[in-house]
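Line by line, the protein sequences are chains L and A.
Position one of the first sequence corresponds to residue 73 (the numbering used here), numbered consecutively onward.
Position one of the second sequence corresponds to residue 438 (the numbering used here), numbered consecutively onward.
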Amino acid sequence: MKKILNVALKDLLLNFRDPMGLVLMLVAPLALTLVIGAAFGGTGGGSAGLGEIPVVIVNLDTGELSPYMVEAFQSEELADLVEPVTMTDAMAARQVVDKDEAAAAVIIPANFSESILPAGLIQGDLSGLETPQVSIVEIYTNPGRPVSAAVIRSIVDSLLSRFVSGRLSGEIVINQLIASGRLSPAEAQTQGQLIGQSVGAAEPPERVEITSKTGAQDKSFNWLEYSAPSMAILFMMFTLSAAGRTLLIERDHGTLPRMLISPTRRAEILGGKMLGNFLTGLLQMTILILTGRLLFGITWGNPLAVGLLTIAVVAATTGWGMLPTAFSRTSGQANAIGTAIALIFGAVAGSFVPRAALPDWLQKIGLITPNAWGIEGYYNLINGATLADTVPAILALLAMAVILFGFAALAFRRQYT
Amino acid sequence: MSVILEAQQLVKKFKDFTAVKGVSFEIQAGEIFSLLGPNGAGKTTTISMLSTLLVPTNGDARIDGHSVTRDPMAVRRLIGVVPQEIALYDDLSASENLLFFGRMHGMSGEVLKKRAAAVLEQVGLTDRAKSRVKTFSGGMKRRLNIGVGLLHSPRLVFMDEPTVGIDPQSRRNILDAVKELNQQGLTVLYTTHYMEEAQELSDRVGIIDHGELIACGTQKELTQLVGEHETLRLHLGDDIAVDDLARDLAELPQVLKASAADHEVVLMVPEAEEALPGVIARTNQLDVKIRSIDIEEPNLEAVFLHLTGRALRD
Numbered sequence: 073m074k075k076i077l078n079v080a081l082k083d084l085l086l087n088f089r090d091p092m093g094l095v096l097m098l099v100a101p102l103a104l105t106l107v108i109g110a111a112f113g114g115t116g117g118g119s120a121g122l123g124e125i126p127v128v129i130v131n132l133d134t135g136e137l138s139p140y141m142v143e144a145f146q147s148e149e150l151a152d153l154v155e156p157v158t159m160t161d162a163m164a165a166r167q168v169v170d171k172d173e174a175a176a177a178v179i180i181p182a183n184f185s186e187s188i189l190p191a192g193l194i195q196g197d198l199s200g201l202e203t204p205q206v207s208i209v210e211i212y213t214n215p216g217r218p219v220s221a222a223v224i225r226s227i228v229d230s231l232l233s234r235f236v237s238g239r240l241s242g243e244i245v246i247n248q249l250i251a252s253g254r255l256s257p258a259e260a261q262t263q264g265q266l267i268g269q270s271v272g273a274a275e276p277p278e279r280v281e282i283t284s285k286t287g288a289q290d291k292s293f294n295w296l297e298y299s300a301p302s303m304a305i306l307f308m309m310f311t312l313s314a315a316g317r318t319l320l321i322e323r324d325h326g327t328l329p330r331m332l333i334s335p336t337r338r339a340e341i342l343g344g345k346m347l348g349n350f351l352t353g354l355l356q357m358t359i360l361i362l363t364g365r366l367l368f369g370i371t372w373g374n375p376l377a378v379g380l381l382t383i384a385v386v387a388a389t390t391g392w393g394m395l396p397t398a399f400s401r402t403s404g405q406a407n408a409i410g411t412a413i414a415l416i417f418g419a420v421a422g423s424f425v426p427r428a429a430l431p432d433w434l435q436k437i438g439l440i441t442p443n444a445w446g447i448e449g450y451y452n453l454i455n456g457a458t459l460a461d462t463v464p465a466i467l468a469l470l471a472m473a474v475i476l477f478g479f480a481a482l483a484f485r486r487q488y489t
Numbered sequence: 438m439s440v441i442l443e444a445q446q447l448v449k450k451f452k453d454f455t456a457v458k459g460v461s462f463e464i465q466a467g468e469i470f471s472l473l474g475p476n477g478a479g480k481t482t483t484i485s486m487l488s489t490l491l492v493p494t495n496g497d498a499r500i501d502g503h504s505v506t507r508d509p510m511a512v513r514r515l516i517g518v519v520p521q522e523i524a525l526y527d528d529l530s531a532s533e534n535l536l537f538f539g540r541m542h543g544m545s546g547e548v549l550k551k552r553a554a555a556v557l558e559q560v561g562l563t564d565r566a567k568s569r570v571k572t573f574s575g576g577m578k579r580r581l582n583i584g585v586g587l588l589h590s591p592r593l594v595f596m597d598e599p600t601v602g603i604d605p606q607s608r609r610n611i612l613d614a615v616k617e618l619n620q621q622g623l624t625v626l627y628t629t630h631y632m633e634e635a636q637e638l639s640d641r642v643g644i645i646d647h648g649e650l651i652a653c654g655t656q657k658e659l660t661q662l663v664g665e666h667e668t669l670r671l672h673l674g675d676d677i678a679v680d681d682l683a684r685d686l687a688e689l690p691q692v693l694k695a696s697a698a699d700h701e702v703v704l705m706v707p708e709a710e711e712a713l714p715g716v717i718a719r720t721n722q723l724d725v726k727i728r729s730i731d732i733e734e735p736n737l738e739a740v741f742l743h744l745t746g747r748a749l750r751d
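This is how it looks when you write it as structure tokens:
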């Protein structure tokens, strides 16, 4: 056992002394997690761009101005930017946002028109402007789509400034005065300016306020929580494939023969190499999990379950990492096979897109990878799964590890006897 | 002296190629035995079988009574190996390399630390103990490579061409170190394709070519195989076709054998003074300019030439 540990600790030390290896092990997965999180806004049902932002408009106002607000969202001008849906129930609209089906809900209050154009103004009575009501437009935002929500907020800001500055409200009042015969078209310009100035004289906060509320976190999908474990496992696969390859590199550099002519059994050397790779993967995953917590605020869930799942994922990945080396003649061959396996596994196991988005048959193939079991296990734990929920994934990964270690051991025995 | 190594009809085949064809020899405890032969002669394969790295296809060897095929672990405890290539971890320090390989030989604790420090002193690397090997010169790496082979105080050490690719100063140091170790009681099996090294170091020499041990004995015994013949070594210019010249000079009545090497033609002659005029006359006829001529007493190179018809550096 001492010799196994001696080989393992030497490999662990060498793996963590390689600056390029450290970039691949730690920097790359964190950077990619960050990029994916930023690009997809942490949470989001797959809508990454700013085109056609889904927004729910709830108009509780029956006055003259609010229809213009709704129409503005439905205008040709904003057609490429927003995808508005109107609803009548504010609570239902908030639920749509909570379900991540919309970036925001804009809720126009019942006294919206009255707060800008007090009753009597249309009859030409400007006295209502002196003691205005205050209306509150609520923008209920999706925390998973911060950029999209900010766009909706700026649209609402812009529309309200047009109302409150008096230009739009003045036009509406004048049109209605002319239509009712109380104002002749000749007087329209002078009277319109007067109303506009009177309405615009009051500061916006005095009559219309905007309140921004953040919706509940959507637990159905979160890109950051998904990409952190998926990138960690993907890059651990690269690391352990490279670590497995060191057996061939040591053979070529003469250090493996030097070990083989010491009074050490070959099984001890192979065991030491496997343990060294396992410890390397374990340390890499531990650092990435802790960094995910510190940098991205990811709550990984039940610590015991996370620990056991990590051991199982690393064991299975160590097995896959050894396999290309066991069946390759040169380190170049092992490198090519190992890289291909890591990338293919990443693709079929959902490291790049969620596995649920893949066809059924591909999802089933993905189950031969430690990535699929690991990503699902971690993601479920992050979202509240228990140790009992995680046991099937742990067992599947450990079984995978046992089978792969067996294959690798047989192949090595054949190669080095 | 007792026999510490006895190789019996060692054979190693790699598919259709037979690298070693029934090699047998003995090494007495306390001697330096050299396996002398050109590249590809089977020296490294022989050492690999003796050090249990390769299993012989046929034959066996016993080291201090232990069979390399039946009791390899016991053999490994007795031997040290200095491989031809630098078998060290570049990203570990000199000290870390020694401690790692020491533990692989079952050493530990203070004993290992003291022994590693002693070896570092012995190979002149005490002041670089904590430096990573990748910062070392080629000569320093060679010295540490030897140090690792000696760390566990083996009774018999196999040194496989330890001076390949190093500067003359480092080579001198290594040869002196081998002699010193031998004086301290270490038995050495040394492989080389440098005749000078075998001559300087060895108590006995085995000459190996194409996987066969073609002669074995003390230097005196081997040179007697050549008789009283002398060697003429013609140093030639870069533009001379040495193979053609060797074939031509072999036709001269005073020349027994001729072979070509790097910018050299080596002639075995019964009497150098008598052969020289004829050789010079013929080279003048062929318009070949000779840079210099060495006249050598019978030596291992002459033995090799005598036995194989080729120069060692062919």
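We put the beta carbon where it would ideally sit given N, CA and C, even for glycine.
Because the structure is a prediction, the values reported are computed rather than measured.
- By the neighbour-count criterion, in which a residue is buried when 16 or more other Cβ atoms sit within 10 angstroms of its Cβ, L/Gly422 is buried.
- In this structure A/Leu535 is in contact with A/Gly584, their Cβ atoms being roughly 7 Å apart against a cut-off of 8 Å.
- Ranked by Cα distance from A/Leu723, the options A/Leu686, A/Leu472, A/Asp453 are led by A/Leu686.
- Following the DSSP letters along the chain, one finds L/Leu367 inside the alpha helix (DSSP H) bounded by residues 338-368.
- Per DSSP, the continuous alpha helix (DSSP H) segment holding A/Leu686 begins and ends at 679-686.
- The continuous beta strand (DSSP E) containing L/Ser207 extends over residues 207-213.
- Relative to L/Ser233, the option among L/Leu137, L/Ala151, L/Leu320 whose CA is nearest is L/Leu137.
- Shown in chain order are the members of the region 82-104 of chain L whose Cβ falls below 8 Å from a Cβ of chain A: Lys82, Leu85, Leu86, Arg89, Asp90.
- Under the three-state reduction of DSSP, A/Leu442 is assigned to strand.
- Check the Cα spacing between A/Gly648 and each of A/Ser439, A/Val440, A/Ile441, A/Phe454: the tightest is with A/Phe454.
- When secondary structure is reduced to three states using DSSP, A/Phe741 falls in the helix class.
- By the C-beta criterion, the region 641-658 of chain A is judged not to be in contact with the region 602-622 of chain A, since fewer than 3 inter-stretch pairs fall below 8 Å.
- Short of 7 Å from the beta carbon of A/Ser607, and not among the five residues preceding or following it, lie these beta carbons of its own chain, in chain order: Gly576, Arg579.
- Residues of the region 298-330 of chain L whose Cβ lies closer than 7 Å to any Cβ of chain A, in chain order: His325, Gly326, Thr327, Pro329, Arg330.
- Under a criterion of Cβ atoms nearer than 7 Å, the residues of chain A adjacent to L/Ile333 are, in order, Ser488, Thr489, Leu490, Arg513, Val518.
- Taken residue by residue, none of the region 427-441 of chain L has a beta-carbon sitting less than 8 Å from a beta-carbon on chain A.
- The C-alpha of L/Met303 is placed about 17 Å away from the C-alpha of L/Leu439.
- For A/His666, the secondary structure class from DSSP, reduced to helix, strand or coil, is coil.
- For L/Thr402, not one C-beta of chain A is nearer than 8 Å to its own C-beta.
- For the region 334-368 of chain L, the set of positions with a beta-carbon nearer than 7 Å to some beta-carbon of chain A reads Ser334, Pro335, Thr336 in chain order.
- Straight-line measurement puts the Cα of L/Ile125 at about 30 Å from the Cα of L/Gly456.
- L/Thr462 and L/Gly373 have their C-alpha atoms some 11 Å from each other.
- Chain-order list of chain L residues neighbouring A/Tyr627: empty, with the shortest C-beta distance near 17 Å, by a criterion of under 8 Å.
- Minimum Cα-Cα distance from L/Asn78 among the listed residues L/Leu306, L/Ile341, L/Val223, L/Asp170 corresponds to L/Ile341.
- Under a 10 Å Cβ-count criterion, L/Met92 is classified as exposed, with fewer than 16 other Cβ atoms of the shown protein chains found around its own Cβ.
- Following the DSSP letters along the chain, one finds L/Asp432 inside the alpha helix (DSSP H) bounded by residues 432-437.
- Take A/Ala635, set aside five residues on each side of it, and the residues of its chain with a beta-carbon closer than 7 Å to its own are Ser471, Leu473, Thr629, Val642, Leu737, in chain order.
- Below the 8 Å Cβ cutoff, chain L contributes His325, Gly326 as neighbours of A/Glu522, in chain order.
- Comparing alpha-carbon positions, the option among A/Pro690, A/Tyr627, A/Gly602 lying closest to A/Ala712 turns out to be A/Pro690.
- Considering only beta carbons, no part of the region 699-729 of chain A lies closer than 7 Å to chain L.
- Using a Cβ-Cβ cut-off of 8 Å, A/Phe451 does not count as an interface residue toward chain L, since no Cβ of chain L sits closer than that to its own.
- Residues Leu515, Ile516, Gly517 of the same chain have their beta carbon placed closer than 7 Å to that of A/Pro591, with the five preceding and five following residues left out of the count.
- Listed along the chain, the chain A residues whose CB falls inside 8 Å of the CB of L/Asn78 are Phe537, Arg540, Met541.
- Within 9 Å of the CB of L/Lys75, the CB atoms of chain A belong to Arg540, Met541, Gly543, in sequence order along the chain.
- Under a criterion of Cβ atoms nearer than 7 Å, no residue of chain L is adjacent to A/Leu623; the nearest Cβ is some 17 Å distant.
- According to the DSSP assignment, L/Ser334 belongs to no beta strand (DSSP E), since it is labelled neither H nor E.
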